[in-house]
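Per our numbering, the sequence shown starts with residue 54, numbered consecutively. Written out below as structure tokens is the structure these notes cover.
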Amino acid sequence: MSDTVSLTPEAADDVERLYEFVVERALAAHGLPDFEMAERALQAIKDGLATLRTSPFTCRKAGSSPFLRELVIPFGHSGYVALFEIVDPETVWIVAVRHQREDDYR
Numbered sequence: 054m055s056d057t058v059s060l061t062p063e064a065a066d067d068v069e070r071l072y073e074f075v076v077e078r079a080l081a082a083h084g085l086p087d088f089e090m091a092e093r094a095l096q097a098i099k100d101g102l103a104t105l106r107t108s109p110f111t112c113r114k115a116g117s118s119p120f121l122r123e124l125v126i127p128f129g130h131s132g133y134v135a136l137f138e139i140v141d142p143e144t145v146w147i148v149a150v151r152h153q154r155e156d157d158y159r
């Protein structure tokens with residue numbers, strides 16, 4: 054069981070970028086930013102990451118290391134994917150977060 058689930062600075066930047074994308078997409082489509090939708094997306098990401106405190110090994114492997122894994126976070130018609138590393142039994146580091154329709158992690 055992991056006591057600490059933390060975001061690297063790069064992953065924190067990813068979450069901020071994804072939030073801004075939701076706001077800007079609504080602004081372009083409807084002329085108004087949709088902060089409510091962006092907050093719901095942010096909450097979905099937070100809720101998904103919180104599950105890593107109890108069950109990080111249930112997520113799919115992301116490479117040859119058994120400690121590098123991906124968490125799929127559903128939201129709307131698609132969702133997000135978080136790349137994370139299990140450092141030790143108490144520590145998980147979120148390395149990157151992307152939308153499922155993005156090409157790949159940066």
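Note that CB positions come from ideal geometry on N, CA and C, so glycine has one too. Note that the structure is a prediction, hence the values are computed from the model and not measured.
For my contact list, residue i and residue j are in at a C-beta cut-off of 8 Å; report their separation, rounded to the angstrom.
{"i": "Val148", "j": "Glu138", "result": "6 Å"}
{"i": "Leu71", "j": "Ala94", "result": "7 Å"}
{"i": "Val218", "j": "Asp87", "result": "Not covered by the structure: residue 218. The range shown for the chain is 54 to 159."}
Tell me the DSSP secondary structure of residue i in three-state form.
{"i": "Glu155", "result": "coil"}
{"i": "Phe128", "result": "strand"}
{"i": "Ala115", "result": "coil"}
{"i": "Phe110", "result": "helix"}
{"i": "Leu71", "result": "helix"}
{"i": "Glu143", "result": "coil"}
{"i": "Leu80", "result": "helix"}
Determine the burial state of residue i: buried for a count of at least 16 other Cβ atoms within 10 Å of its Cβ, exposed for fewer.
{"i": "Pro62", "result": "exposed"}
{"i": "Ala115", "result": "buried"}
{"i": "Ala135", "result": "buried"}
{"i": "Leu80", "result": "exposed"}
{"i": "Phe110", "result": "exposed"}
{"i": "Ala64", "result": "buried"}
Locate the alpha helix (DSSP H) running through residue i, then write down its first and last residues.
{"i": "Leu95", "result": "Phe88 to Ala103"}
Where do the N-terminal and C-terminal ends of the beta strand (DSSP E) with residue i fall, by residue?
{"i": "Thr57", "result": "Thr57 to Leu60"}
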